[in-house]
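Residue numbers (the working numbering): 167 to 482.
Right, one structure below, let's go through it.
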């Protein structure tokens with residue numbers, strides 16, 4: 167598995183790895199990412215296994231880059247570093263975690279690779295091992311994914327890179343400038359995206375963006391577009407309990423391309439009393455503000471009663 171070092175991308179992959187090992191104890195899962203987030207991911211793994219469970223060692227998390235607080239510099243380097251480590255794993259070399267310094271013994275060659283759609287890895291992995299199963303992972307809202315990366319017939323923006331190149335050749339304008347305009351249209355066009363009410367195009371991006379941030383977002387948007395189309399299938403952390411319309415649309419589109427959409431959400435620890443208690447304890451331990459968050463939630467419940475707090479998640 168490969169992921170950007172962003173918790174919203176990585177956490178679901180950790181859960182999928184742990185649940186897969188619980189269902190199939192004969193497999194091993196390696197997760198490649200970068201920076202100090204690997205320690206958070208290692209703590210997350212403990213939420214899924216009881217104390218003394220030897221199969222926890224079937225999930226290993228390897229840091230491929232040192233931490234860099236400058237995300238604009240850090241994130242684009244993840245792909246190359248992940249691929250270097252993947253090639254070493256494919257050769258069945260021992261590999262050393264850049265962050266922890268821990269050396270991991272070689273395992274059998276990977277049979278399947280699951281890559282965060284933001285990691286530009288599919289074609290490179292196919293070049294290293296054409297026989298490996300190559301799946302794309304997304305933890306995003308599926309309605310949002312359809313709009314941002316999906317085909318135009320579903321209300322998506324289609325292949326912006328190709329559109330920009332053609333327009334640039336015809337007009338002489340900069341392809342990057344055209345991409346920026348196409349990525350964030352403000353034409354007042356009314357759109358119907360599966361799973362969402364009718365929305366105008368400009369409503370999808372209400373936030374102000376700096377030029378540098380916009381450049382980075384555009385870069386990753388193109389990667390996601392290609393990842394979804396080049397992979398052998400898509401794995402989503404979504405669930406039909408919340409996203410039935412969007413998932414049905416994705417599934418129909420994938421089937422039309424001879425591929426599959428795999429819906430694996432919600433990804434939660436196995437529901438039994440010891441595991442639930444362990445999961446809750448580890449959940450608080452993952453955050454350096456765990457105790458303060460718990461106190462805030464308890465105080466809010468006491469002072470304002472149930473259903474009085476709204477949680478808004480970051481997109482990362």
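Note that beta-carbon positions come from the ideal geometry of N, C-alpha and C, so glycine has one too.
Note that the coordinates shown come from a computational prediction; the quantities given were computed from them, not determined experimentally.
Note down the Cα distance separating residue i from residue j, rounded to an integer number of angstroms.
{"i": "residue 339", "j": "residue 327", "result": "14 Å"}
{"i": "residue 254", "j": "residue 219", "result": "28 Å"}
{"i": "residue 391", "j": "residue 278", "result": "21 Å"}
{"i": "residue 286", "j": "residue 393", "result": "7 Å"}
{"i": "residue 372", "j": "residue 477", "result": "19 Å"}
{"i": "residue 268", "j": "residue 186", "result": "24 Å"}
{"i": "residue 352", "j": "residue 368", "result": "5 Å"}
{"i": "residue 357", "j": "residue 366", "result": "6 Å"}
{"i": "residue 228", "j": "residue 252", "result": "11 Å"}
{"i": "residue 379", "j": "residue 190", "result": "41 Å"}
{"i": "residue 263", "j": "residue 397", "result": "27 Å"}
{"i": "residue 350", "j": "residue 273", "result": "44 Å"}
{"i": "residue 211", "j": "residue 405", "result": "22 Å"}
{"i": "residue 230", "j": "residue 266", "result": "10 Å"}
{"i": "residue 183", "j": "residue 336", "result": "48 Å"}
{"i": "residue 469", "j": "residue 376", "result": "40 Å"}
{"i": "residue 492", "j": "residue 388", "result": "Residue 492 lies beyond the residue range present for the chain, which begins at 167 and ends at 482; the question has no answer from this structure."}
{"i": "residue 342", "j": "residue 381", "result": "9 Å"}
{"i": "residue 201", "j": "residue 244", "result": "10 Å"}
{"i": "residue 203", "j": "residue 318", "result": "36 Å"}
{"i": "residue 422", "j": "residue 415", "result": "11 Å"}
{"i": "residue 232", "j": "residue 462", "result": "33 Å"}
Keeping to the same chain, check which residues put their C-beta closer than 6 Å to that of residue i; ignore five residues upstream and five downstream.
{"i": "residue 222", "result": "215"}
{"i": "residue 361", "result": "309, 409, 411, 412"}
{"i": "residue 178", "result": "305, 403, 433"}
{"i": "residue 418", "result": "none"}
{"i": "residue 288", "result": "300, 393, 396, 397"}
{"i": "residue 431", "result": "403, 404, 405"}
{"i": "residue 224", "result": "187, 194"}
{"i": "residue 364", "result": "356, 358"}
Please return the same chain residues whose Cβ sits closer than 7 Å to the Cβ of residue i, not counting the five positions on each side in sequence.
{"i": "residue 344", "result": "330, 333, 334"}
{"i": "residue 426", "result": "399, 420"}
{"i": "residue 241", "result": "170"}
{"i": "residue 175", "result": "169, 282, 284, 305"}
{"i": "residue 259", "result": "272"}
{"i": "residue 466", "result": "474, 475"}
{"i": "residue 238", "result": "378, 382"}
In terms of residues, what are the limits of the beta strand (DSSP E) holding residue i?
{"i": "residue 236", "result": "Careful: residue 236 lies outside any beta strand (DSSP E) and carries neither H nor E."}
{"i": "residue 200", "result": "Where residue 200 is concerned, there is no enclosing beta strand (DSSP E), given that its DSSP letter is neither H nor E."}
{"i": "residue 426", "result": "426–429"}
{"i": "residue 226", "result": "225–229"}
{"i": "residue 399", "result": "399–402"}
Which same chain residues end up closer than 8 Å to residue i when comparing Cβ atoms and leaving out the 5 residues on each side of it in sequence?
{"i": "residue 439", "result": "Summary for residue 439: the model assigns pLDDT 46, below 50, so the residue's position carries little reliability; its value from the coordinates is reported in the next sentence. Result list for residue 439: empty, nothing under 8 Å."}
{"i": "residue 226", "result": "194, 195, 196, 197, 270"}
{"i": "residue 348", "result": "323, 326, 329, 330"}
{"i": "residue 295", "result": "256, 275, 276"}
{"i": "residue 464", "result": "none"}
{"i": "residue 321", "result": "312, 313, 357, 358, 359, 360"}
{"i": "residue 511", "result": "The structure shown does not extend to residue 511, since the chain is modelled only from 167 to 482, so the question has no answer here."}
{"i": "residue 471", "result": "none"}
{"i": "residue 428", "result": "301, 399, 400, 401, 402"}
Over what stretch of residues does the alpha helix (DSSP H) that includes residue i continue unbroken?
{"i": "residue 157", "result": "Past the boundaries of the shown model lies residue 157; the chain is included only from 167 to 482, so the question cannot be answered."}
{"i": "residue 385", "result": "377–396"}
{"i": "residue 180", "result": "173–189"}
{"i": "residue 459", "result": "456–470"}
{"i": "residue 267", "result": "Run containing residue 267: none; DSSP gives neither H nor E here."}
{"i": "residue 232", "result": "First-last for residue 232: undefined, no H or E at that position."}
Legend entry - Three CB pairs or more closer than 8 Å across the segment 288–305 and the segment 398–405: Yes, the segment 288–305 is in contact with the segment 398–405.
Legend entry - beta strand (DSSP E) runs contained entirely in the segment 274–355, provided each spans 3 or more residues: Within the segment 274–355, the beta strand (DSSP E) runs of at least 3 residues that lie entirely inside it are, in chain order, 278–282, 299–304.
Inset, instruction - Count the C-beta pairs between the segment 243–260 and the segment 204–211 that are closer than 8 Å, then say yes if the count reaches three, no if not. - result: In short, these stretches do not touch, since the Cβ pair count stays below three.
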